[in-house]
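Q: Under UniProt numbering, the residue at position 79 of the sequence shown is numbered 79, and the numbers go up by one with no gaps.
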Amino acid sequence: MSALVLRLSLPMAFLRWSSSISSVALVHAYPYLSLARWRLDAVPRRTITFSACCLEFRNVTGSRAVLKDMSFTELEQWVQSNGFRPTQALMLWKCLYGCNSWAQCHDELSGLNKDFKSMLTEKSNIKALSVKDILSASDGTRKLEHAEQMSLQAERLQILFTLEDGLVIETVVIPCSSGRTTVCVSSQVGCAMNCQFCYTGRMGFRRHLRTSEIVEQAVLSRRLFSREIGSITNVVFMGMGEPLQNIENVMKAAAIMTDEQGLHFSPRKVTVSTSGLVPQLKRFLKESSCALAVSLNATTDEVRNWIMPINRKYNLNQLLGTLREELRSKRGYKVLFEYVMLEGVNDSMEDARRLIRLVEGIPCKINLISFNPHCGSIFKTTNEDKMIEFRNILAASGCVVFLRQSRGDDQMAACGQLGNPGETQVPLLRTPLRFQTTL
Ligand code: SF4
């Protein structure tokens, strides 16, 4: 069935979304709510209910404080500077992030005293994003046959958020049959890194996301989907953008996400991914207890200079040398290397052997990721047989290595399949001569 697109512009406060359009039910009246797009061939099997509070965007005028831009200490100071007690800051923090409340407007701040609530209504803004669109795709069961059978029953929920300035970012929620549900968050609008295999890279860089805009992706994912798909347990910074180029906001957002009184994600389950910004990576490893993933994708500087231009600034030697050095003092910590396999570019058995040598002495796990081609891409997907052969060479040498499919459960691992570059795209780099016949 081809994709049908339905545009709705309806006055309502609650909308029930289920497996057929006839079961879309209106519950409360609310003016001027506009929903953009529903793909009828891709609606989820489960019923999802969400309130207009998540969909409506209130323009923030004047200089109101954005509460979700603040760490707990900053919130405490701000509350005190407005004449209220620190204990009230904790109650507010719990309304924003804790105990399944995830408040999106001042009316939802329950349990706060009247004066405190009036001050908040007058001086603060709670909401950082509004939902533009939700797309759901069921990827069905995918199998890797041969030596090991891997079966993924995957369903992916893609949320498009509108920012205050009208730009759009994407967040992906990926439930997994093991009970682990991951939210993949964006850290920038677009990306400046220009990785040649990445759709987001074609957008170029538009702007950094604020702390509140990053945190809100996790808050709203929990609010929208927790009841239906269970607790969201993991966060990966593998959506749009290079997280470490926006390190201040990313580290602050990660600290808010792991705060025990609030969202309380385990630091081990919050993973920040980088293309290899060495100074920021060093700082991250020193200051954050969250997990780190490095998008490696090549075993020679020649290939990496081409497919990941950041390598011209920080080459493989600098990147891996820094990791080797920094991880020496972090007991029990393992970096995750992501390796998107591109046919004829980085997937030879010689690449596998070089990869073993490159990561020697670095406590790590390696994800081999199947490339998911997108519009305008010049690369092709490595076939399953070759991925398994590549994996087996690494495993035989003692590497901890996993095969990941780019869609469904592990779609987030592809890093940067999101976004809408539009018509004016960042041009691709010239393909090195020796690859021109391969591609
Ligand atoms: S792969 Fe990641 S770092 Fe590279 S362009 Fe895409 S979003 Fe940016």
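By construction, the Cβ of each residue, glycine as well, lies at the ideal position given by its N, Cα and C atoms.
Bear in mind that the values here come from a model prediction, so they are computed numbers and not experimental data.
1) Mind listing, in chain order, the continuous alpha helix (DSSP H) runs of no fewer than 4 residues lying wholly within the stretch 285–315?
2) How about L316 and D301: do their beta carbons lie closer than 9 Å?
3) According to DSSP, what are the bridge partners of M341?
4) Is G241 close to ligand 2? I mean its beta-carbon at under 8 Å from any heavy atom of the ligand.
5) Report the rounded CA-to-CA distance for K252 versus R64, giving the unit in angstroms.
6) So, is H264 buried or exposed, given that buried needs 16 or more other C-beta atoms within 10 angstroms?
7) Using 10 angstroms around the beta-carbon of E287, count the other beta-carbons present and answer buried if the total reaches 16, otherwise exposed.
8) Distance check for N305 and S275, CA to CA, integer angstroms please.
9) Would you say the beta carbon of G361 is closer than 8 Å to some non-hydrogen atom of ligand 1?
10) Along the chain, where does the beta strand (DSSP E) containing F265 start, and where does it finish?
11) Decide if A147 is buried, meaning its Cβ has at least 16 other Cβ atoms within 10 Å, or exposed.
12) Who are the Cβ neighbours of V219 in its own chain at under 6 Å, not counting the five residues just before and after it?
13) Could you compute how far the alpha carbon of R180 sits from the alpha carbon of P279?
14) Could you have a look at C95 and say whether DSSP puts it in helix, strand or coil?
15) Where R283 and S289 are concerned, what is the direct C-alpha to C-alpha distance, given to the nearest angstrom?
16) Classify S432: buried if its beta carbon has 16 or more other beta carbons within 10 angstroms, exposed otherwise.
17) Would you kindly check if the distance between the Cβ of A128 and the Cβ of R210 is under 9 Å?
18) Tell whether a beta-carbon distance below 9 Å holds between K123 and N82.
A: Let me spell this out:
1) Unbroken alpha helix (DSSP H) stretches of 4 residues or longer found wholly inside the stretch 285–315: 301–307, given in chain order.
2) In contact: L316 and D301 (Cβ atoms closer than 9 Å).
3) M341 is bridged by DSSP to S370.
4) Judged by which ligands are present, ligand 2 is missing from the structure shown, whose ligands are ligand 1.
5) Cα-Cα distance, rounded: 20 Å.
6) It is exposed - the Cβ of H264 has fewer than 16 other Cβ atoms within 10 Å.
7) By the beta-carbon neighbour count (other beta carbons within 10 angstroms, threshold 16), E287 is exposed.
8) S275 and N305 have their alpha carbons spaced roughly 12 Å apart.
9) Result no, Cβ not under 8 Å from ligand 1.
10) That residue, F265, is in no beta strand (DSSP E); it is neither H nor E in DSSP.
11) Summary for A147: the model assigns pLDDT 26, below 50, so the residue's position carries little reliability, and this model does not support an answer.
12) Answer for V219: W102, listed in chain order.
13) Cα-Cα distance, rounded: 32 Å.
14) C95: helix per DSSP, three-state reduction.
15) Rounded to whole angstroms, R283 to S289 spans 11 Å at the Cα level.
16) A quick correction: the sequence has Pro, not Ser, at residue 432. It is exposed - the Cβ of P432 has fewer than 16 other Cβ atoms within 10 Å.
17) Against a cut-off of 9 Å, the Cβ pair of A128 and R210 comes out as a contact.
18) Taking 9 Å as the cut-off, the Cβ atoms of K123 and N82 count as close.
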